[in-house]
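First up is the structure itself, then whatever we jot down about it.
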Amino acid sequence: MAIEGLSINFATIRQAGDFGAMVEACLRHGITSVSPWREQIAAIGLAEARRIVRANGLRLTGLCRGGFFPALRASDRAAAIDENRRAIDEAAELGADCLVLVVGGLPAGSRDIAAARQMVEEGLSEILPHARAAGVPLGIEPLHPAYAADRACVNLIGQSLDLCDRLDPDHAGGIGLAIDVYHVWWDPSLAAGIARAGREGRILAHHICDWLVPTRDPLNDRGMMGDGVIDLKAFRHMIEAAGFHGPQEVEIFSHDWGARPADAVLATIVDRFRTVC
């Protein structure tokens, strides 16, 4: 029996094998919504991935990932834009709800974060028409400030929404947010930001995991839901009150959980989804 409202980001169970093996693992646990990574798609080929998606009636809550726009050389910025257009085309082929964007941090050797943010905005402006034409919404994922230098210089929900409003002042659509609890749970303006995102129709995805205390590694020590300090039920209430009722996508980068059998990880996820989310 399918479990409604639960999606698995394939970073969580990459130990299961290739794209097909991860799909099979999810299906064994009644999970029919997934979010793969582009390198996982490339490994088996886009056509085969599309066949697997359609044959199993899967919903893709996102495709990971696009972004990484800032670069010192104009040619590198142009290459990033071209790569993002390819990512949009892949997301369209797979019928993904959105293309998740990790926008990028400081270019190597730079200390100018304002310039990096301007490069992000310019890059998004370049790819938004292509995304609209392909019917693939762009989901900006604001990341925790710990990642501002190397992964994402866009770090707050409000900051992300301001960026969306500048790019889409008429609210024509095609751009919004992928809201990950791990990155934004601590924000004093969280409730107001989520409410605003809902009013503006900008919530495209909702990612869940937990924040451990202590966190040994900000990249690869995410917690299983219920093992940390995030009030996941309150977060979910805010998201749903804002009008988003799509699946909660479990995305856990973890040396610990990544060393366990995928079926054991998925069984735990299903239990925690039913009890603490």
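According to numbering that gives the first Met the number 0, the stretch in the sequence shown is residues 0 to 276, in order.
By construction, the Cβ of each residue, glycine as well, lies at the ideal position given by its N, Cα and C atoms.
Is the region 233–247 in contact with the region 114–126, if contact means three or more CB pairs nearer than 8 Å? Taking 8 Å as the limit for Cβ pairs, the verdict is that the region 114–126 does not touch the region 233–247.
Ignoring anything shorter than 4 residues or poking outside the region 15–91, list the alpha helix (DSSP H) runs there in chain order. DSSP runs (the alpha helix (DSSP H)) wholly in the region 15–91: 18–27, 37–43 and 45–54.
Residues of its chain near GLY157, where Cβ-Cβ distance is below 8 Å and the 5 sequence neighbours each way are ignored: Here residue 157 refers to the residue found at position 158 when the sequence shown is read from its first residue. The residues are SER188, ALA191, GLY192 and ARG195.
Can you tell me whether LEU218 is buried or exposed, with buried defined as 16 or more other CB within 10 angstroms of its CB? Here residue 218 is taken as the residue at index 219 of the sequence shown, counted from 1. Residue environment for LEU218: exposed (fewer than 16 other C-beta atoms within 10 angstroms of its C-beta).
8 Å contact criterion, which GLY104 and ARG150 should meet: CB distance rounded: Here the question's residue 104 lines up with position 105 in the sequence shown. Here the question's residue 150 lines up with position 151 in the sequence shown. With a Cβ gap of about 5 Å, GLY104 and ARG150 count as contacting.
For LEU155, which residues from the same chain have a beta carbon less than 8 Å from its beta carbon, with the 5 sequence-adjacent residues on both sides left out? Residue 155 sits at position 156 when you count from the first residue of the sequence shown. Answer for LEU155: PRO141, VAL183, ASP186, SER188 and GLY192, listed in chain order.
Which listed residue (VAL180, GLY227 and LEU162) has its alpha carbon closest to that of GLU199: The residue you call residue 199 lines up with position 200 of the sequence shown. The shortest C-alpha separation from GLU199 is found at LEU162.
Could you name the residues that DSSP lists as bridge partners for GLU248? Taking the sequence shown and counting its residues from 1, the one referred to as residue 248 is at position 249. By DSSP's assignment, GLU248 forms a beta bridge with SER6 and HIS206.
Indicate the three-state DSSP secondary structure (helix, strand or coil) for SER159 in the structure shown. Position 160 of the sequence shown holds residue 159. In this structure, SER159 counts as helix in the three-state DSSP scheme.
Short Cβ contact (9 Å threshold) for ALA90 with ALA54: Reading the sequence shown from its first residue, position 91 is the one you call residue 90. Reading the sequence shown from its first residue, position 55 is the one you call residue 54. No, they are not a contact pair.
Counting C-beta neighbours from all protein chains within 10 Å, is the total for VAL52 16 or more, i.e. buried, or is it exposed? Sequence index remark: in the sequence shown, residue 52 carries index 53 (1-based). By the neighbour-count rule (16 or more Cβ atoms within 10 Å), VAL52 is buried.
DSSP state of ILE112, grouped into three classes? In the sequence shown, residue 112 corresponds to position 113, counting from 1. Of the three classes helix, strand and coil, the one that applies to ILE112 here is helix, per DSSP.
So, is ARG201 buried or exposed, given that buried needs 16 or more other C-beta atoms within 10 angstroms? Residue mapping note: residue 201 aligns to position 202 of the sequence shown, counting from 1. Looking at its Cβ environment, which holds 16 or more other Cβ atoms inside 10 Å, ARG201 is buried.
Could you give the residue range of the alpha helix (DSSP H) that holds GLY175? Taking the first residue of the sequence shown as 1, we reach residue 175 at position 176. First-last for GLY175: 174–179, but that is the beta strand (DSSP E), not the alpha helix (DSSP H).
I'd like the ranges of any beta strand (DSSP E) spanning at least 3 consecutive residues and lying wholly in the region 111–154. If you keep only unbroken beta strand (DSSP E) runs of at least 3 residues inside the region 111–154, you get 137–139.
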